[in-house]
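Chains A and B, in that order, are what the protein sequence lines are.
For what it's worth, the working numbering labels the leading residue of the first sequence as 106, then goes sequentially.
For what it's worth, the working numbering labels the leading residue of the second sequence as 206, then goes sequentially.
First up is the structure itself, then whatever we jot down about it.
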Amino acid sequence: DAMVIQNPRYQVTQFGKPVTLSCSQTLNHNVMYWYQQKSSQAPKLLFHYYDKDFNNEADTPDNFQSRRPNTSFCFLDIRSPGLGDAAMYLCATSREGGTRNEKLFFGSGTQLSVL
Amino acid sequence: AQKITQTQPGMFVQEKEAVTLDCTYDTSDQSYGLFWYKQPSSGEMIFLIYQGSYDEQNATEGRYSLNFQKARKSANLVISASQLGDSAMYFCAMSQWGMDSSYKLIFGSGTRLLVRP
Chain A
106 DAMVIQNPRY
116 QVTQFGKPVT
126 LSCSQTLNHN
136 VMYWYQQKSS
146 QAPKLLFHYY
156 DKDFNNEADT
166 PDNFQSRRPN
176 TSFCFLDIRS
186 PGLGDAAMYL
196 CATSREGGTR
206 NEKLFFGSGT
216 QLSVL
Chain B
206 AQKITQTQPG
216 MFVQEKEAVT
226 LDCTYDTSDQ
236 SYGLFWYKQP
246 SSGEMIFLIY
256 QGSYDEQNAT
266 EGRYSLNFQK
276 ARKSANLVIS
286 ASQLGDSAMY
296 FCAMSQWGMD
306 SSYKLIFGSG
316 TRLLVRP
């Protein structure tokens, strides 16, 4: 089945040690999103790619970066994780990103712990 | 600014009964979309139902229906005949367009539903 796949499911890193989270999709969607979801809170958009165009949210810290080397893959890099970055990171896709009735397709998320 | 509000942090419902999860929103856009997602403990966000702002009829998908009251800016989710597998977090979301025509969904804080046997 076509889907959005996130690896790993759980990631543990040390304070200040760079970490990369991965997302791949077999839906051939143009848009890929990264959301951060802290415990018992709403998912918060960090940034998204429309094809190769990167769109950063105004309040996303510089510590968070992203790469999309091709249509299928997107990476979230946290350069120097702090304790406050411990969260669930959700990757999502949408087909076009240009119609109002377009739902997002989500992966299972990566739960990041920072020690 | 656009905003989604879910005022029920947690709810209980008896198995086989119906339950309503509240969602209100604030937007100055004339055209927008409203969505409900379910998030089980496994973490994946599962799409349940969609309502367009110009849709005259309330959306239905199996046991899910959306009670859309545009004038009140509310989009409540109704789950009929609750099942144990319905225990999860439920998020209301709304489409949002950026100044650069970018498209995204913004989410409410969620309601945790627990179905009792």
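Every residue, glycine too, gets a C-beta built ideally from N, C-alpha and C.
Note that the structure is predicted; figures quoted are calculated from it, not measured.
Residues in the same chain with beta-carbon distance under 7 Å from residue i, minus the five sequence neighbours each way, listed in chain order, please.
i, result
"P113/A", "T215"
"W302/B", "Y308"
Can you check DSSP and say which residues form a bridge with residue i?
i, result
"Q262/B", "Bridge partners of Q262/B: none, in fact."
"V218/A", "Contrary to the premise, residue 218/A reads as Ser rather than Val in this sequence. Its beta-bridge partners are V117/A."
"M299/B", "L239/B, I311/B"
"L226/B", "L282/B"
"R317/B", "G215/B, M294/B"
From residue i to residue j, what distance separates their C-alpha atoms?
i, j, result
"E266/B", "F120/A", "45 Å"
"A206/B", "D231/B", "8 Å"
"K122/A", "R200/A", "34 Å"
"S270/B", "A276/B", "18 Å"
"A280/B", "L239/B", "7 Å"
"Q219/B", "V320/B", "6 Å"
"W241/B", "E207/A", "12 Å"
"P214/B", "Y255/B", "22 Å"
"M137/A", "M294/B", "23 Å"
"L126/A", "L253/B", "27 Å"
What in chain B is Cβ-close to residue i, meaning under 7 Å?
i, result
"K208/A", "F240, F252, Y255"
"S127/A", "The premise fails here: S127/A is roughly 15 Å from chain B at the closest Cβ pair, so nothing lies under 7 Å."
"S213/A", "S247, G248, E249"
Leaving out five residues before and five after residue i in sequence, what residues of the same chain have Cβ atoms less than 8 Å from its Cβ?
i, result
"E222/B", "A286, S287"
"L220/A", "V117, T118, Q119, F120"
Skipping 5 residues on each side, what residues in its chain have a beta carbon closer than 6 Å to that of residue i?
i, result
"E261/B", "none"
"R184/A", "P123, N168"
What residues of chain B sit near residue i, judged by a beta carbon separation below 9 Å?
i, result
"Y115/A", "Going along chain B, no residue has its Cβ under 9 Å from Y115/A, so there is no contact; the nearest lies around 10 Å."
"L132/A", "The premise fails here: L132/A is roughly 13 Å from chain B at the closest Cβ pair, so nothing lies under 9 Å."
"L217/A", "Result: empty, since nearest Cβ-Cβ is about 12 Å, beyond 9 Å."
In chain A, which residues lie less than 9 Å from residue i when you measure between Cβ atoms?
i, result
"S314/B", "S145, Q146, A147"
Starting from residue i, find everything on chain A with Cβ-Cβ shorter than 7 Å and list it in chain order.
i, result
"D291/B", "Within chain A, no residue comes near D291/B; the closest Cβ sits about 18 Å away, beyond 7 Å."
8 Å is my cut-off, CB to CB: does residue i come that close to chain C?
i, result
"L195/A", "Included in the structure are the protein chains A and B, with no chain C among them."
Any heavy atom of the ligand PLP closer than 7 Å to the Cβ of residue i?
i, result
"F120/A", "You won't find the ligand PLP in this model; it holds no ligand whatsoever."
field: chain A contacts made by the segment 262-280 of chain B, where a contact means CB separation under 7 Å
entry: For the segment 262-280 of chain B, which is checked against every Cβ of chain A, not one residue is closer than 7 Å.
query: In chain order, what residues of the segment 211-245 of chain B put their CB closer than 7 Å to some CB of chain A?
result: So the close ones are S236, Y237, G238, F240.
task: Could you run through the segment 168-185 of chain A and flag, in chain order, every residue whose CB is less than 7 Å away from some CB of chain B?
output: So the list is empty, because no residue satisfies the distance condition.
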